[in-house]
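Chains as they are written, first to last, in our numbering: chain E, 6 to 379; chain V, 2 to 369.
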């Protein structure tokens, strides 16, 4: 870029900055939106079930049954409610008062002495399949603890044939917040990026100022660069704010380096802003640009990015489509940089994909915006 | 009346005139339904695993075969030492490593608990927990069968698990009805959210105000197109959920539609209020996002409301999507009707009434 072009771009950037200043909604998008959303979601979004309301039915009380149900009272995962009969408990589940039922039949004590052991009925509300599976796991934990304790009391050797030792790397306490918050940052910054730029070019077309710009010596490249730089600065400001909130307010460990994080964040910001510019260029009027931004940014970044739904398990065509979602790469990087460290095997391919996406979006925006009058 | 109809027709024309706008409104939600219906799953499928079998015996091979026979797991690597375990997980080449101890068979034969280690990638802690759960089920089953085959005494009690309403715990049954509510909200918001702001920015809203139309007429004229388009899209998505995704619709269709109508009205109210308070389309778009994003994330769509702290749970009480999700899931899976869902209907009606009133008031206020 030569001196004259640089002067032109600088002038345009100053104009853009004045416009940002005049309508504070852009500043709100860059700083307020990420801060509020991250703060709210950081507290609100967790997959860890705790204090699950659980119905317990003991048809005939006894010492053995009491020792079994005591495990649920002690567990921090359950809030047990006693019911006198299975019918009462089932009604409570239909009314949504309990999410599961543990049911000890009248012959529990007698059957427990047989070689087969006593069956314990466990009924779980399966509507929310994910929570149901977690609750099943928690019930199993309580059961295994009781079996081990019962065996130890009787001086038997190991009651269970296998000693299963799960080890969760990077997040030993399996705190879902630690993995969801890095994802939230990517999600929120996708919105910020698209919101910041989705309307800026469409607005110039709609107000007729694009035609005014055309009669100046300004080139299209100058216009795009001048639109990109101020919003890039705003977006990066919001990004650092979000990382700060994640680390200092929510205590998410940042095990990788800030340098790697910043570099990848910059690549992602370029892709997100490029996507906004592309929307703006394609739509040409703010109304359609706004609709496109609402539909194409948030839900895909939410569902197709690996933020909560693991992409590994989806069918091939979904995985193929997810490759155009920039958040997908950034979330993979963020989860590694926050929880694992600078794992180059994850960072390099994902950063390369982000750079490629940014280049494609910006090149498309450049190619589709023509300096002509319709 | 004729005036209102004329306004409605004009609004529909304004929304549907632009070809790109039509594509955005009709094609995009259907495509998203198809993609999200398959993408939004918590089920595990072909999770890449590595296996480090130190024992290499008949018994350990049987155990490995059980893992590889399960559709949830797919073998990605076989290890000969523990050196590469961490690297494989760090680089996300595998999500789980199963380590079978050296004395696996000996311990089993002596009745000692044979150690088996399951190492999982905790970066996605939810997947990690589900993987551990699946692995536990396979391992426990193997142990029980081993005992039973040798006439050993089992533990004094065993669990017989059953899931009500969704016996196979398919997350598609949970997620697809949720998408019905989600996409209906997005479409309604897209139709309504910028409508007044656009007229404000173009100056045509002032023209509308000097016509004989009352603010109430304008309110009706502006909301009916959103209601119409929202209900049509909702119906299409419900049909797709039933006939394409085969989610059972067990409850009352009347209750489902009553819920949808109240929900679309509530979202229309929110959209109109946002639109009326904004001076520019940029502000309206920001407002629409500021409503939509928290309303989706704090709705119980992906993460349960029951897990939220109490003060966040209180905030969700003003979120219409929260109630609609309960209604779609209950009518689809639990076979619910009007009686069980009454508690979900009136909050949405209240949210709709407040926001529509607010929008009408804002019309008048801004016009003076």
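Built from N, CA and C at the ideal position, the CB exists for glycine as well.
Taking only beta-carbon positions, decide if residue i is within less than 8 Å of chain E.
i                      : result
residue 238 of chain V : no
residue 325 of chain V : no
residue 27 of chain V  : no
residue 368 of chain V : Since pLDDT at residue 368 of chain V reaches only 48, below the 50 mark, its modelled position is unreliable, and the value read off the structure follows with that caveat. No, no contact with chain E.
residue 2 of chain V   : no
residue 21 of chain V  : yes
residue 308 of chain V : yes
residue 295 of chain V : yes
residue 56 of chain V  : no
residue 82 of chain V  : no
residue 48 of chain V  : yes
Counting C-beta neighbours from all protein chains within 10 Å, is the total for residue i 16 or more, i.e. buried, or is it exposed?
i                      : result
residue 347 of chain V : exposed
residue 129 of chain V : buried
residue 115 of chain E : exposed
residue 221 of chain E : exposed
residue 138 of chain E : buried
residue 208 of chain E : buried
residue 90 of chain E  : exposed
residue 15 of chain E  : exposed
residue 7 of chain E   : exposed
residue 59 of chain V  : exposed
residue 1 of chain V   : What is shown of chain V runs 2 to 369, which leaves residue 1 of chain V out entirely.
residue 354 of chain V : exposed
residue 98 of chain E  : buried
residue 105 of chain V : buried
residue 369 of chain V : The predicted position of residue 369 of chain V is uncertain, since its pLDDT is 42 and thus under 50; a value taken from the coordinates is nonetheless stated next. It is exposed - the Cβ of residue 369 of chain V has fewer than 16 other Cβ atoms within 10 Å.
residue 11 of chain V  : exposed
residue 178 of chain V : buried
residue 368 of chain E : exposed
residue 69 of chain E  : buried
residue 151 of chain E : buried
residue 47 of chain E  : buried
Would you please verify whether the beta carbon of residue i is less than 8 Å from any beta carbon of chain V?
i                      : result
residue 21 of chain E  : no
residue 171 of chain E : yes
residue 363 of chain E : no
residue 248 of chain E : no
residue 400 of chain E : There is simply no residue 400 of chain E to check, as chain E begins at 6 and stops at 379 in what is shown.
residue 215 of chain E : no
residue 381 of chain E : Here chain E comprises residues numbered 6 to 379, so residue 381 of chain E is not present and cannot be evaluated.
residue 24 of chain E  : no
residue 16 of chain E  : no
residue 168 of chain E : yes
residue 174 of chain E : yes
residue 319 of chain E : yes
residue 183 of chain E : yes
residue 120 of chain E : yes
residue 298 of chain E : yes
Could one say the Cβ of residue i lies closer than 8 Å to chain C's Cβ atoms, at least one of them?
i                      : result
residue 300 of chain V : Among the chains of the structure shown, chain C does not appear; the protein chains present are E and V.
Residues of the segment 303-315 of chain E with Cβ closer than 9 Å to any Cβ of chain V, in chain order: 303, 304, 305, 307, 308, 309, 311, 312, 313, 314, 315
Along the segment 331-354 of chain E, what residues have a CB closer than 9 Å to any CB found in chain V? 337, 340, 341, 343, 344, 345, 346, 348, 349, 350, 351
Contacting positions in the segment 147-172 of chain V - beta carbon closer than 7 Å to chain E: 147, 148, 154, 155, 156, 157, 158, 159, 160, 161, 162, 163, 164, 165, 166, 167, 168, 170, 171, 172
Could you pull out every unbroken beta strand (DSSP E) segment of at least 3 residues lying fully inside the segment 131-155 of chain V, listed in chain order? For the segment 131-155 of chain V, not a single whole beta strand (DSSP E) run of length 3 or above is found.
The segment 118-126 of chain V touching the segment 83-102 of chain E, judged by at least three CB pairs closer than 8 Å: no
Below 8 Å, can you find three or more Cβ-Cβ pairs linking the segment 95-109 of chain E to the segment 140-153 of chain E? yes
For the segment 122-152 of chain E, which residues have a CB atom closer than 7 Å to at least one CB atom of chain V, in sequence order? 122, 123, 124, 125, 126, 127, 128, 129, 130, 131, 132, 133, 134, 135, 136, 137, 138, 139, 141, 142, 144, 145, 148, 152
Touch check for the segment 145-161 of chain E and the segment 70-86 of chain E: three-plus C-beta pairs under 8 Å? With a cut-off of 8 Å, the segment 70-86 of chain E and the segment 145-161 of chain E count as touching, because enough Cβ pairs lie within range.
Segment contact flag, the segment 307-315 of chain E with the segment 38-47 of chain V, C-beta cutoff 8 Å, min 3 pairs: yes
At which residue ranges does the segment 189-273 of chain E contain complete alpha helix (DSSP H) runs of 4 or more residues, listed in the order of the chain? 205-212, 214-219, 225-249
Contact set between the segment 321-352 of chain V and chain E, restricted to residues whose Cβ is under 7 Å from the partner: 330, 334, 335
Quick one: complete alpha helix (DSSP H) runs, 4+ long, within the segment 263-335 of chain E? Counting only runs of at least 4 residues, the segment 263-335 of chain E fully encloses the following alpha helix (DSSP H) elements, listed from N- to C-terminal order: 263-288, 291-301, 303-308, 321-327.
Touch check for the segment 130-150 of chain V and the segment 64-73 of chain V: three-plus C-beta pairs under 8 Å? yes
Touching by the beta-carbon criterion (3+ pairs, under 8 Å), the segment 247-256 of chain E and the segment 320-337 of chain E: Contact annotation: the segment 247-256 of chain E does not touch the segment 320-337 of chain E, with fewer than three C-beta pairs closer than 8 Å.
Under 7 Å (Cβ pairs) to chain E, residues found in the segment 98-125 of chain V: 109, 112, 113, 114, 115, 116, 117, 118, 119, 120, 121, 122, 123, 124, 125
Using a beta-carbon distance cut-off of less than 9 Å, what residues from the segment 36-55 of chain E approach chain V? 38, 41, 42, 45, 46, 48, 49, 50, 51, 52, 53, 54, 55
Given 8 Å as the limit, is there contact between the segment 269-280 of chain V and the segment 185-204 of chain V, that is, 3 or more CB pairs closer than that? yes
Across the segment 304-320 of chain V and the segment 232-240 of chain V, are there enough close Cβ pairs to call them in contact, namely three or more that are closer than 8 Å? no
Sufficient close CB pairs (3 or more, under 8 Å) joining the segment 17-24 of chain V to the segment 47-58 of chain V: Flag = no, the segment 17-24 of chain V and the segment 47-58 of chain V do not touch.
Residues of the segment 188-217 of chain V with Cβ closer than 8 Å to any Cβ of chain E, in chain order: 190, 191, 194, 195, 199, 202
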